[in-house]
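Peer 1: Submitted below is the structure of interest, expressed as structure tokens.
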Amino acid sequence: MLRFVYIILIQRHRQKSVFSVLWASETILKSPDFIKSNITAEKKFSLITVFIVNSSLDELLTAAGSKFNITAKRIFNVQGGEIDDINIVRDDDVLYVSCGEDFIPKDKPCTRSQINQNSVNSEWITLNVGGKYFTTTRDTLTKKEPTCMLARMFTDATDTEQRILPSRQDKNGAFLIDRSPTYFEPLLNYLRHGQIILDANVNAAGVLAEARFYGIEGAIDILTAMADEKELQRSGLVSFTRKDVLKAIMSTPTTSELRFQGVNFVGADLSKLDLRNINFKYAIMRGCSLAGSNLSGCCFERADLSYANLQGAQLIRVRMLCANLAAADLHSCNFEDPLGVPANMEGVNLKGANLEGSIMAAVNLRVATLKNAILRNCILRSAVLAGADLECCDLSGSDLHDANLRGANFKDAAFDLMLTPLHMSQTIR
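Residue numbers for the sequence shown follow the UniProt record's numbering, beginning at 1 and rising by one.
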């Protein structure tokens, strides 16, 4: 006597289990009640097939695999018990076949770990931010800012302390984030190409708030500068230009001190000018170009020079106490005074700054922040770096002879190809 069974394919589909049934026999049109109820409940059925029970379990798996176009490996009964003997199968049994997956009850959703395995580990990830869909790659979300919230949600790293559980998914499998899509889009583009580009109708302060929420540190620095610039424009503080500076220099006698204290120079081009001994205390010089300028004897105390270009500038005897030079370009600058008067940069913020090839002999960088800064091939003889934060700083090829490094933070700092050896006396408190 022939035995007929109904075989259902087990598939994972995002947050719920989908049972696809194939049929190709008119016998099923006399279908029992379980087929009708399943079709009504799931609404996910297409073609349905009735299978003849063969003489062996392997033959039944092969037949089911060819119908479903899969490699059938495991077969279960309706209670989820795995069948390993063909004699257990009875006529009109309902069986479930899989490619190796465990049995999934129809009324039981996938666990979060199963969702993570099938969706988070996919190369392409879809986010539902405030009702708007964004599709991007996992590398985009994890490579640029590895410590931000999005990177920690979708990282494939094994460090469980850094990982956070992804948010819930909607009916389409997109990860839900209850934030503004208008402000999220510039941040996603920043993760793609490293630039913040805002449309005319997008508020920089709003994008900044989103960047802080997601913990995208690089974007926070850029957006803070953009938001401050907008605030200055609204308050009527117009930025000085190169023309304004030249007029002031030409109209000021050489015997008088020229003061630009607290003046706004955001984005101004002051490159290749003789600006010696000028007072720039508290000046706002964010993104300003000072490349090749002579700034000897200038006072930049508490000035904002973040993202400024000072490449090749003369910085002899400068006073930069607590100045902000985050992400500034100081490549090949000269700080060394022939008369031996050191530049004073105590407490300066040089986070992410580039000082490669600079001459910084005897410079005072006590308790300065140099995290992620580039100091390759610098001359730092007799420099004072006591208490400085040198975490992840690249000091490869630099000359640190007789430098004071007591109490400095060297976590993950690079000291490759050092010109002179470091002595314990330089680092012990």
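Glycine residues also receive a C-beta, built at the ideal position from the N, C-alpha and C atoms.
Looking at the structure shown, is Ala408 part of a helix, part of a strand, or coil, going by DSSP?
Peer 2: coil
Peer 1: I want to know whether the stretch 217-231 touches the stretch 253-260 - three or more CB-CB distances under 8 Å.
Peer 2: no
Peer 1: Quick check: the Cα distance between Phe260 and Ala326, rounded to an integer number of angstroms?
Peer 2: Taking the straight line joining both Cα atoms gives about 21 Å.
Peer 1: Grouping DSSP H, G and I as helix and E and B as strand, with all else coil, what is Thr255?
Peer 2: Three-state result, Thr255: coil.
Peer 1: Use the C-beta contact count for Gln79: other C-beta atoms within 10 angstroms, 16 or more gives buried, fewer gives exposed.
Peer 2: Counting the other Cβ atoms within 10 Å of the Cβ of Gln79 gives fewer than 16, which makes it exposed.
Peer 1: Looking only at its chain, what residues have a beta carbon closer than 8 Å to the beta carbon of Ser293, apart from the 5 residues adjacent to it on each side?
Peer 2: Leu270, Ser271, Lys272, Leu273, Asp274, Leu275, Leu310, Ala313 and Gln314
Peer 1: Cβ atoms of Leu380 and Ser396: under 9 Å apart, would you say?
Peer 2: no
Peer 1: State yes or no: is the C-beta of Ala303 within less than 9 Å of the C-beta of Gly287?
Peer 2: no
Peer 1: Using only alpha-carbon positions, find the residue among Thr137, Asp244, Ala368 and Asn334 that is nearest to Gly357.
Peer 2: Nearest of Thr137, Asp244, Ala368 and Asn334 to Gly357, Cα basis: Asn334.
Peer 1: By DSSP, does Ser20 sit in helix, in strand, or in coil?
Peer 2: With a pLDDT of only 34 at Ser20, under 50, the local geometry of the prediction cannot be trusted, and the value read off the model is given with reservation. Here Ser20 sits in strand by DSSP.
Peer 1: Arg74 lies in the beta strand (DSSP E); which residues open and close that run?
Peer 2: For Arg74, the enclosing beta strand (DSSP E) has its first and last residue at Arg74 to Phe76.
Peer 1: Using the Cα positions of Asp412 and Asn189, report the straight-line distance between them to the nearest angstrom.
Peer 2: Roughly 29 Å separates the two Cα atoms.
Peer 1: On the three-pair Cβ rule with 8 Å, is the stretch 137-148 touching the stretch 85-104?
Peer 2: no
Peer 1: Entirely within the stretch 239-326 and at least 4 residues each: give me those alpha helix (DSSP H) ranges in chain order.
Peer 2: 242-251
Peer 1: Would you give the residue range spanned by the alpha helix (DSSP H) that Phe103 belongs to?
Peer 2: That residue, Phe103, is in no alpha helix (DSSP H); it is neither H nor E in DSSP.
Peer 1: In whole angstroms, give me the CA-to-CA distance for Met418 and Ile359.
Peer 2: 15 Å
Peer 1: With burial defined as no fewer than 16 other Cβ atoms inside 10 Å of the residue's Cβ, what is the status of Thr71: buried or exposed?
Peer 2: exposed
Peer 1: Are there 16 or more other CB atoms within 10 angstroms of the CB of Asp394, so buried, or fewer, so exposed?
Peer 2: Asp394 should be labelled buried.
Peer 1: From Gly262 to Arg168, what does the alpha carbon distance come to, in whole angstroms?
Peer 2: 49 Å
Peer 1: Quick check on the burial criterion: 16 or more other C-beta atoms within 10 angstroms. Buried or exposed for Leu22?
Peer 2: Bear in mind that the predicted position of Leu22 carries a pLDDT of just 33, short of 50, making it too unreliable to give a figure here.
Peer 1: Is the beta carbon of Ser239 sitting closer than 9 Å to the one on Phe265?
Peer 2: yes
Peer 1: Under the three-state reduction of DSSP, which class applies to Leu127: helix, strand or coil?
Peer 2: strand
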